[in-house]
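Structure first, commentary second.
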Amino acid sequence: MVEVAIWGSLRVATEGRATVEIEAGNLRELLDGLAEAYPDLRPQLRRGVTVAIDGRNFNDHWFEPIRPDSEVVLLPRIVGG
Amino acid sequence: MSQIHVTTKINGDETEFLCEPEDTLLDVLRDRLGLTGAKEGCGTGDCGACSVTVDDRLVCSCLMLGAEAEGREIATIEGMADGEVLHPLQRKFIEHAALQCGICTPGILVAAKSLLENNPDPSEEEARYWLAGNLCRCTGYDKIIRAVMDAAAEMRGEIANDPDDSLRRAS
Amino acid sequence: MALDKQAETAKRQFKVVGTRPNRPDGIDKVTGRARFGADAVAPGMLTGRVLRSPHAHARIVKIDASRAAALSGVKAVVTRADFPEPPAHVADVLDNCMAGAKALYDGHAVAAVAAVSPAVARRALKLIEVEYEVLAHVTDVDEAMQPGAPVLHEGRTDETVPEGFSGNVISRCEFGHGDIEAGLAKADRVVERSFRTAATHQGYIEPHACLAQMGPDGQADLWCCTQGHYMVRNTCAAILGMEVGQLRVTASEIGGGFGGKTTVFLEPVALMLSKKAGRPVKMVMSREEVLRASGPTASTSIDVRIGMTKDGRITAGDAVLRYQGGAYPGSPVGMGSMSAFAPYDLENVRTVGFDVVSNRPKQAAYRAPGAPMAAFAVESVIDELAKSLGLDPLDVRIRNAAVEGTKSSYGPTYPAIGAKATFEAAKAHPHWSAPLGENQGRGVACGFWFNFGGDTCVTLNVNLDGTVSVSEGNPDIGGSRASMSMMAAEELGIPYEQVRTIIADTGSLGQNEVTDGSRVTFAVGLATIEAARQAIRVMCARAAKIWGIDEDAVVWEDGAAKPAGPNAGQFPPMSLAEIAAVASNTGGPIAGHCEVNAEGAGVSFATHIVDTEVDPETGAVKILRYTVIQDAGKAVHPDYVEGQFQGGAVQGIGWALNEEYIYGEDGRLQNPGFLDYRVPVASDLPMIDTVILEIPNPGHPYGVRGVGETSIVPPLAAVANAVSAAAGVRLTDLPMSPPKVQAAIQAARG
Ligand code: FES
Ligand code: FES
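Protein chains in written order, with this note's numbering: chain W, 1 to 81; chain R, 82 to 252; chain G, 253 to 1002.
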């Protein structure tokens, strides 16, 4: 299981929980797992998220590996200028 | 709708063109003569991207009518290098990385050349005030001013007058 | 693993990277030959022009373009009715390029024409009759949030927004950890302040421009100035209902972007005009159009509360950020909220952000979007706390600095970062201790930015004479072609002059992300290095074949293949040129490719020090001295790294002191020109000193971090802190134009 930190305003979709546990070995499994376990997260997942895995940010890279002890933080999609 | 016939000299070449009465000199250079080195950043005389000289006077070509070029001598960025030999300002701009995107560069080079023709030994402050009509949004002007000062020094036959810069570049 | 890599990077002796060679496009740019957006022509080309709404908010009842269409020389007229129903992901983009049911801001496009000359096009625009039903409008962020404010779009508010706001509040975000009230209770002093920042424009000197050509077979070519021609292609194809492969986009040289050229404005309209007219159409915005209708940044209203102990430890940080991002959802408030406290290691921190729409042009990204305003507010309060407790503002920052292992204010734990290093370098810099005169003040502030990677393709071809051609897909906005050539040369072991990098059109490479997020030197650099390594593998294999030995018995050193040790055999090294010369004999052309989604870029930090002098009578502010200290990971071409530092700092100075979108009661922009929208000029400024720190990014083979954006984050606050020190009163409203500074001084004197 991976522990995922959820940013504040999304906690309405996770029954107020600041962290949730998802069975996932990579980014794709994580996003699918979140949508499955917390359907209220789906609108935000559709709008786009960035996932910080061990301090590095990932947007799209499905197969980025996640270890069970990885630090995983869900963030709104970050874009640049 | 009748067009005006104009005879002028551009970068030393006799040139004739037809233009609408309302065409600016910048329109004529860019759209009728294919001299697209001068840029239109504003069209209102506020950015200097369209700088050219007319009878050795620095002007914004967006503020002058094409018809007013009659009988004048116009110099644009396209005439600045001598064949394949760059003007010292052009060379120093490249060496000092005085351009990022480069859209302001033609106008600034024309303006800086005019500065050095009027004042071969400008202070940094004089250079800054002379170039105050030329906007550059990329560089913060630091490297532009250094390049102008260095070119001026070279043209006066001196070595680089910016000790910390020459030190930095040697390292 | 990250540590090993870091050690490898730190040890590596670079030959090309870190030097300052001339850029490959230099001569074109100093001679006027470089071709920018407006410099292209095509045979039979028409001029396209846009008719824009004079109203801030109006229902478009009817558009009658029949008289315009009938004018001699007019070849096409386009309104929203000509476009197919767009897919959802580009619906707002299309609506911004060409208004549908409503005009949402002063300058919003409502129709366009293509004609044989600019004069005819101008006349045609006057003949288009638009019937508007004018609606109430709102342009201020706080007013737009109030219940009862005129609402731009019904039903766009998402599930994160609580009750009690107008329909202009699109979403709410919240970040942080700990317990704010408990933290504040432990503080010896709490400062609470409200701040406002005006919208500013990216202010690139080159207006938007494009040349479109679409044939009856549906194939199209587009030339335009953009930060991302792949984005232009994908967006335009979606809007026009085309197949992506039918549209080839070529990026011109680009005259500045700073985020403002990461979307489309004219391009879909030009394509539609060209389609209807059956001829090429060129469109160029005027400066007024650029200011009225392309993206400025958000204007903001921010409240900050910070508690601090007597010895300078921050016990809690709390901020509410409200960003209006113009007529469509998507202000950068999320990134502002995440970055606000990012430089610090805080036990209790919270930021709440609101994304708000109003009757202004849709904001476009502007260099570290969202972060400068947030840093302005937070860094101002930290400065005020430090001063009121008699502490050195840099000591306070060092005391609270985030370091490797700190849980950041937005969630993730930091790997190796340079925040503290920039504070310490600032403290040690002679600028920090230089004496000041009367009416002078010094300010310091820190800034943070994320940086990006993303989809990237590079092809590296080894030519028959041993020179190398690199093709990449990211418009070069500040010298990146030089950096790519340098990294290729470094890896291949050949001189920089033998590598030439070009920006390929969309038909030549796979998908590339936009040139934004400070991603190019990082991501394209990474791909270039990988492509070079692939070419090296091919060359080693060719040498092995020639020598009749095993491929893995060949190594690449100093630009040549060599047998790996005496057991591999005794052969003289074969240089890249020698291998290239016989490429046809040994298997065919030699190339390397890299197609990658280069995610995982490293964050970066900067600290700026500035001295200002304030004229107490007029309120005018003069910048006396400025120093930028920033972590670049590894500076590939230090001149262009310094250039990014200096350019960002000066844009920030403009934001702090002069630049401002001013709206009248009528909701119309009052200052759509460079005369009244005043960007810094050479005589406003001193030299901008730079200090490049190099704390390698473990995610890049050479340790490179993006550098383009962080430099605009600290200056708003640094200048505000300096002006506040000089004026003896805290300035909280940007820009700090002379009348505002003077009024603040007057008020403080009572
Ligand atoms: S285009 Fe002439 S001054 Fe700007
Ligand atoms: S280099 Fe881009 S505007 Fe000067």
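Ideal placement from N, C-alpha and C gives every residue a C-beta, glycine not left out.
Note down, in chain order, all residues in the region 660-675 of chain G with a beta-carbon under 7 Å from any beta-carbon belonging to chain W. Among the residues of the region 660-675 of chain G, those with a Cβ less than 7 Å away from any Cβ of chain W are Tyr-662, Gly-663, Pro-664, Thr-665, Tyr-666, Pro-667, in the order of the chain.
Going by beta carbon distance, what residues of the same chain come within less than 6 Å of G:Tyr-662, once the five residues before and after it are set aside? Close CB contacts of G:Tyr-662 within its chain, under the 6 Å cut and outside five residues either way in sequence, are with Phe-427, Met-590 (chain order).
Could you give the distance in angstroms between the alpha-carbon of W:Gly-48 and the alpha-carbon of G:Gly-951? Rounded to whole angstroms, W:Gly-48 to G:Gly-951 spans 23 Å at the Cα level.
Quick check on DSSP: helix, strand or coil for G:Met-494? Note: G:Met-494 maps to coil in three-state DSSP.
9 Å Cβ cutoff, W:Ile-78 in contact with chain G: Put simply, the CB of W:Ile-78 is near chain G, with a gap under 9 Å to one of its CB atoms.
Could you tell me which chain G residues have their CB closer than 9 Å to the CB of W:Asn-57, listed as they occur along the chain? Result: Pro-664, Phe-702, Asn-703, Phe-704, Gly-705, Glu-851, Gly-852, Ala-853, Val-855.
Mind checking which residues open and close the alpha helix (DSSP H) that includes G:Leu-828? Counting along the chain, the alpha helix (DSSP H) containing G:Leu-828 begins and ends at 828-833.
My output table needs one value for G:Ala-366: the three-state DSSP class, helix, strand or coil. In this structure, G:Ala-366 counts as strand in the three-state DSSP scheme.
At a Cβ threshold of 9 Å, is R:Asp-127 touching chain G? Interface flag for R:Asp-127 against chain G is set, since a Cβ pair is found closer than 9 Å.
Contacts that G:Ile-940 makes with chain R (C-beta to C-beta distance below 7 Å): Residues of chain R passing the Cβ test: Gly-221, Asp-223.
Exposed or buried, which one is R:Glu-206 when buried takes at least 16 other CB atoms within 10 Å? Label assigned to R:Glu-206: exposed.
Taking 8 Å as the cut-off, does the CB of R:Thr-125 come closer than this to any heavy atom belonging to ligand 1? It does: the Cβ of R:Thr-125 is within 8 Å (strictly closer) of some heavy atom of ligand 1.
If you draw a straight line from the C-alpha of G:Phe-897 to the C-alpha of G:Gln-994, how long is it? Rounded to whole angstroms, G:Phe-897 to G:Gln-994 spans 30 Å at the Cα level.
Can R:Ile-184 be considered in contact with ligand 2, in the sense that its beta carbon sits closer than 8 Å to one or more heavy atoms? Answer for R:Ile-184: yes, Cβ within range of ligand 2.
To the nearest angstrom, how far is the alpha carbon of G:Val-722 from that of G:Ile-754? Taking the CA atoms as reference points, G:Val-722 sits about 6 Å from G:Ile-754.
Does any residue of chain G have a CB that is nearer than 9 Å to the CB of W:Pro-43? Yes, W:Pro-43 lies at the interface with chain G (some Cβ there is under 9 Å from its Cβ).
What is the rounded straight-line gap between the Cα of G:Asp-334 and the Cα of W:Ala-5? For G:Asp-334 and W:Ala-5, the gap between their C-alpha atoms comes out near 46 Å.
Return the residue from the list G:Leu-921, G:Val-981, G:Ala-887 that minimises the CA-CA distance to G:Pro-948. Minimum Cα distance to G:Pro-948 is reached at G:Ala-887.
Run down chain G in chain order and give the residues with a C-beta less than 8 Å from the C-beta of W:Ala-52. From the beta-carbon of W:Ala-52, the residues of chain G found nearer than 8 Å are Gly-663, Pro-664.
With H, G and I counted as helix, E and B as strand and the rest as coil, what does DSSP make of G:Asp-256? Reliability fails at G:Asp-256, whose pLDDT of 37 lies under 50, so the model's placement of it is uncertain and the value that follows must be treated cautiously. Reduced to three states, the DSSP call for G:Asp-256 is helix.
Tell me whether G:Tyr-618 counts as near ligand 2, meaning its Cβ is closer than 8 Å to at least one heavy atom of that ligand. Relative to ligand 2, G:Tyr-618 has its C-beta separated by 8 Å or more from all heavy atoms.
Whose Cβ in chain G lies nearer than 8 Å to the Cβ of R:Lys-120? Taking a Cβ-Cβ threshold of 8 Å, the residues of chain G close to R:Lys-120 are Phe-288, Ala-290, Ile-457, Glu-458, Gly-507, in chain order.
The alpha helix (DSSP H) spanning G:Tyr-384 covers which residue range? Element bounds for G:Tyr-384: not the alpha helix (DSSP H) but the beta strand (DSSP E), 381-386.
Any idea if G:Lys-562 is buried or exposed, counting beta-carbon neighbours within 10 angstroms, 16 or more meaning buried? Sixteen is the threshold: since fewer than 16 other Cβ atoms of the shown chains lie within 10 Å of the Cβ of G:Lys-562, the residue is exposed.
State the start and end residues of the unbroken alpha helix (DSSP H) segment that holds G:Thr-271. For G:Thr-271, there is no enclosing alpha helix (DSSP H), since its DSSP letter is neither H nor E.
Residues in the region 414-435 of chain G having any Cβ partner in chain W nearer than 9 Å: When CB distances to chain W are screened at a threshold of 9 Å, the residues of the region 414-435 of chain G falling below it are Ser-423, Arg-424, Cys-425, Glu-426, Phe-427, Gly-428, His-429, in chain order.
Which partner residues does G:Thr-502 have in the DSSP bridge list? Answer by DSSP bridge pairing, in chain order: G:Trp-475.
For ligand 2, any of its heavy atoms closer than 8 Å to the Cβ of R:Arg-218? Relative to the non-hydrogen atoms of ligand 2, the Cβ of R:Arg-218 comes within a distance shorter than 8 Å of at least one.
Looking only at its chain, what residues have a beta carbon closer than 6 Å to the beta carbon of G:Leu-255, apart from the 5 residues adjacent to it on each side? Here the model assigns G:Leu-255 a pLDDT of 33, short of 50, so the residue's position is not dependable, and the following value carries that caveat. Here the set comprises nothing.
Cross-chain neighbours of W:Glu-71 in chain G, by beta carbon under 7 Å: Within 7 Å Cβ-Cβ: Pro-664, Thr-665.
Return the CA-CA distance between R:Asn-242 and R:Leu-197, expressed in angstroms with no decimal places. Below a pLDDT of 50, predicted positions are generally treated as unreliable, and R:Asn-242, at 47, falls in that range; the measurement from the model is reported next regardless. Each residue's alpha carbon lies about 15 Å from the other.
Are the C-beta atoms of W:Gly-8 and some chain G residue less than 9 Å apart? Yes, because at least one Cβ of chain G sits closer than 9 Å to the Cβ of W:Gly-8.
Chain-ordered chain R contacts of G:Asp-891 [CB-CB under 8 Å]: In chain order: His-177, Ala-178, Lys-224.
Helix, strand or coil, according to DSSP, for G:Asp-728 in the structure here? DSSP places G:Asp-728 in coil when its eight states are reduced to three.
Proximal chain R residues relative to G:Arg-651, where beta-carbon distance stays under 7 Å: The premise fails here: G:Arg-651 is roughly 31 Å from chain R at the closest Cβ pair, so nothing lies under 7 Å.
With DSSP run on the structure shown, which of helix, strand or coil describes G:Tyr-954? G:Tyr-954 falls in the coil class under three-state DSSP.
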